[in-house]
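Accompanying notes for the structure given below.
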Amino acid sequence: MKNIILLIAYLLVCGTCFAQKTAKVTGKIVDEKATAVPYALVKLLNYPDTSFVKSIQTDFDGFYNFDQVKTGEYILAVDMVGFKSIRSVKFSVAEADVQIPNIKIESLTKNLKEVSITGIKPYVERKVDRTVLNVESSINASGNSALELLEKAPGVTVDRQNDQIRLNNKSGITVMIDGKTNFLSGTDVTTLLSNMSSDQIATIELITNPSSKYDAAGAAGIINIKLKRNKAFGTNGNLSLNTGQAIQPNFPKDMYRVGLSLTLNNRVDKWNIYGTAAFNRKVGFNNINVLRNTLTNSLASSFNQNFANFNIKHDFSKEGTNLTFDADYSGFSNEKNDNFDAQYLNNAGNLTKTTALRNFTDAKIDVLAAKTDFTWAVNKTVKIEAGLKSSYVVTHNELLAEQFSAGTWQNIAGQSNNFIYKENINAAYTNYAKEWKKWQLQLGLRAEYTHSNGNSVTSNKVVDRNYLSLFPTVFVQQTLNKNNSINYSFSRRVDRPNYQQLNPFVFYMDPYALDEGNPYLKPQFTYNFEIGYNYKESSLSFSYADTKDMITQISQQNEVTRIINVIRKNLGRAQTFSANLYVPVKVAKFWRMQNNVSAFLSKFNDGNLEGAKYQASKVAFNFNTNNSITLPQNFSVELGFWLNSPRLNGVEETTITQYALNAGIQKSLMNKKLKIRLSMDDIFLTNHWEGRLQYQNVNLNVVNRYMSR
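Counted from 1, the sequence shown has number 207 at position 208 by numbering that gives the first Met the number 0; the numbering is strictly sequential.
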């Protein structure tokens with residue numbers, strides 16, 4: 000904590016010398032009906048020689064924003080497929096920001112926009128270093144949570160049974176919001192994503208090999224969620240309302256969800272005040288079947304999150320050279336009430352007894368982070384980056400367990416818990432980038448010093464750790480010609496055990512299953528290698544990941560009580576070989592399709608796992624397709640399908656193929672200022688989870704059905 004305070008104090012003192020020497024140029028592109036034109040190309044040109052300065056695409060609401068524009072005279076050139084090109088009148092830039100009046104562009108044919116989707120961003124967009132999900136342009140995304148969006152994303156697998164998200168069949172991801180790491184893990188991550196509505200999200204980025212500028216956490220990579228922002232001057236906002244009703248046989252009829260999101264923005268001169276508020280309510284139900292009993296779980300939860308950010312940026316006289324400082328605070332609280340009603344059946348299927356238990360869980364997480372980044376544009380082909388970062392996380396987790404007996408709820412001795420976890424990570428990095436002819440090279444190195452302290456107040460057990468780790472990164476891109484390129488990447492990543500995995504307390508899952516953390520878990524380190532070939536918008540990539548000390552679940556069974564205890568262990572080695580093919584197809588002017596297929600080979604090896612040698616491997620694949628169809632009269636339709644085959648993760652195996660068909664329709668009204676969307680997920684009710692955990696004397700089969708439609 001002392002290091003953070005010193006770093007913040009130093010950077011704040013340095014920040015007093017910062018001064019803005021450039022201005023912003025903003026505006027909006029509209030058509031003949033004053034309707035926003037999204038994704039138009041706006042170029043900033045010098046006047047009078049019209050030499051190129053920079054370019055940008057308009058956002059979903061037609062706005063553009065040029066930062067760091069030097070003093071001078073300029074014009075704007077606007078290009079958009081299906082519209083006539085146009086140039087603005089001359090304007091001058093001094094010290095004050097400049098707002099350009101709306102620029103109106105004229106369509107080439109009146110009917111073109113009714114049958115063409117050329118100007119609409121596809122839901123899945125492939126870039127050299129990441130995959131982008133354009134959430135705000137998707138019909139089926141409406142009313143979904145962020146977790147449900149990821150479940151449909153190419154290369155992503157959501158394991159609701161174990162609260163895990165895997166990218167390219169690799170566990171260990173870092174979730175960022177607007178580029179800010181949230182430091183949550185496990186159940187807290189899935190809870191955060193389940194409570195985040197798609198109406199708040201602009202895009203989701205899937206980054207498999209981040210540069211050294213990013214935190215090293217996340218062996219599989221980074222999921223960066225970008226929230227919607229409005230760049231218009233003045234006061235403006237966006238209101239979104241969504242509701243859904245579950246339709247699932249053998250489930251309660253009162254399952255529903257409703258969401259309300261309000262975004263307000265006030266932009267005046269150099270100041271921009273932005274705020275968002277969202278309310279989401281979901282009533283759900285889980286039905287889990289194991290061999291010896293049927294367990295129903297009803298859940299009531301309250302989740303709150305708060306964010307605060309301070310940032311400042313100084314642009315030096317040399318273009319492309321700048322210094323930034325960011326300070327962030329984020330707070331999370333999650334209160335859950337779990338009710339467990341168990342029915343015990345004999346071999347004939349007859350009821351023998353029932354039990355009722357409940358857990359009250361209160362988790363609070365506070366995160367403070369500060370960082371500074373320096374970018375030096377040495378010349379037009381060489382750029383050097385360097386930076387420092389410090390983060391401090393404090394987690395408090397309390398659990399109260401009760402059992403219904405003799406007509407009243409009674410505390411269960413030994414099953415209540417209080418656990419405090421603290422983690423401080425101090426990091427420094429440098430990154431070197433160079434371009435020449437048809438090559439791009441990026442070399443990076445990041446050092447992270449970690450100090451963690453886990454304190455189980457209940458069991459009076461404290462584990463304190465300190466360690467230093469180095470994380471190199473390499474990225475090379477070779478441009479063969481206009482349509483063909485090859486990229487190569489290498490990185491070392493880490494997944495540190497989270498507070499849930501480290502907590503030595505024994506948690507109750509059902510009458511025959513317990514869950515116990517391991518305070519002596521080691522972090523897992525992964526080497527990632529990837530080579531990719533890009534042809535126009537299509538891409539083919541091959542990757543290999545080698546993980547040491549993989550964190551996995553092992554089940555132990557007491558032969559007398561028949562109770563299974565699920566514990567965390569470090570598995571010696573895990574290897575993942577993967578191939579990914581992405582092919583977009585323009586079926587017709589009004590019909591666009593994005594297709595993605597991935598195949599994986601996972602291998603696990605440990606010479607002494609619970610006293611025995613363990614070796615296992617399995618081939619898996621997934622498929623994802625999304626179809627966008629534009630119809631006359633401002634109607635549009637979207638059809639999506641995803642499929643995940645059975646797969647192996649350590650000693651746990653998913654035994655069925657999961658798949659779902661989703662569909663939606665949209666009608667735009669009031670010059671596209673109002674959109675009405677109707678969608679249905681998992682139309683044929685095929686999305687549920689079945690798995691098997693089989694090792695030594697344990698053979699556990701689980702079926703988990705959740706509200707998927």
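Where a beta carbon is used, it is the ideal one built from N, C-alpha and C, also for glycine.
Legend entry - Backbone CA spacing between S144 and T190 [nearest angstrom]: 10 Å
Inset, instruction - Enumerate in chain order the residues of its own chain whose CB-to-CB distance from T653 is below 6 Å, with the five nearest sequence positions on each side excluded. - result: P645, R646, G690
Inset, instruction - Give the single residue among T173, K363, A432 whose Cα lies nearest to the Cα of L440. - result: A432
Inset, instruction - Please determine, among T394, A140, V701, N648, the residue with the shortest C-alpha to C-alpha distance to A512. - result: V701
Inset, instruction - Return yes when the Cβ of F59 is within less than 8 Å of the Cβ of E124, no when it is not. - result: no
Inset, instruction - Could you check which residue in F470, N416, N482 has the C-alpha nearest to that of D494? - result: F470
Legend entry - For T429 and A341, the rounded distance between their alpha carbons: 55 Å
Inset, instruction - For my contact list, N168 and F599 are in at a C-beta cut-off of 8 Å; report their separation, rounded to the angstrom. - result: 4 Å
Inset, instruction - Consult DSSP for Y420 and reduce its assignment to one of helix, strand or coil. - result: strand
Legend entry - Alpha carbon of N710 to alpha carbon of M175, nearest angstrom: Outside the displayed range of the chain (0 to 708) lies residue 710, so it cannot be described from this structure.
Legend entry - Those residues which DSSP pairs with V755 across a bridge: Nothing in the structure corresponds to residue 755, since the chain is present only between 0 and 708.
Inset, instruction - With a threshold of 16 other CB atoms inside 10 Å of the CB of Q199, please say whether the residue is buried or exposed. - result: buried
Inset, instruction - Indicate the three-state DSSP secondary structure (helix, strand or coil) for D198 in the structure shown. - result: helix
Inset, instruction - Could you check what DSSP says for Q499 in three-state terms: helix, strand or coil? - result: helix
Inset, instruction - For R491, collect the residues of the same chain with a Cβ closer than 8 Å to its Cβ; drop the 5 residues on either side in sequence, then sort them by chain order. - result: A215, L469, F470, P471, T472, F524, T525, Y526, N527
Legend entry - Beta-carbon proximity check, D545 vs Q574, cutoff 8 Å: yes
Legend entry - Range of the contiguous alpha helix (DSSP H) that encloses E147: 145-150
Legend entry - Selected residue, minimal CA-CA separation from L398, among G386, K382, I419, T380: I419
Inset, instruction - Take the Cβ of E204 as the centre, count every other Cβ of all protein chains shown within 10 Å, and call the residue buried at 16 or more, exposed below. - result: buried
Inset, instruction - Just confirm the distance between the C-beta atoms of T709 and G386, as a whole number of angstroms; I'd bet it's less than 8 Å. - result: The structure shown does not extend to residue 709, since the chain is modelled only from 0 to 708, so the question has no answer here.
Inset, instruction - Can you tell me the Cβ-Cβ gap for V24 and V68, rounded? I've got them flagged as a contact below 8 Å. - result: 5 Å
Inset, instruction - Report the partner residues of Q556 according to the DSSP bridge assignment. - result: I563
Legend entry - Limits of the unbroken beta strand (DSSP E) element including S635: 634-643
Legend entry - Pair within 8 Å by beta-carbon distance, S91 and E72: yes
Inset, instruction - Name, in chain order, the residues that DSSP records as bridge partners for E318. - result: Per DSSP, none; premise fails for E318.
Legend entry - Environment of M195 [buried if 16+ CB atoms lie within 10 Å]: buried
Inset, instruction - Quick one: grab the DSSP three-state call for V188. - result: helix
Inset, instruction - Can you give me the Cβ contacts of G443 inside the same chain, cut-off strictly under 6 Å, excluding the 5 residues immediately before and after it? - result: S210, S211, N430, T472
Inset, instruction - Measure the alpha-carbon distance for Y658 versus P153 and round it to whole angstroms. - result: 13 Å
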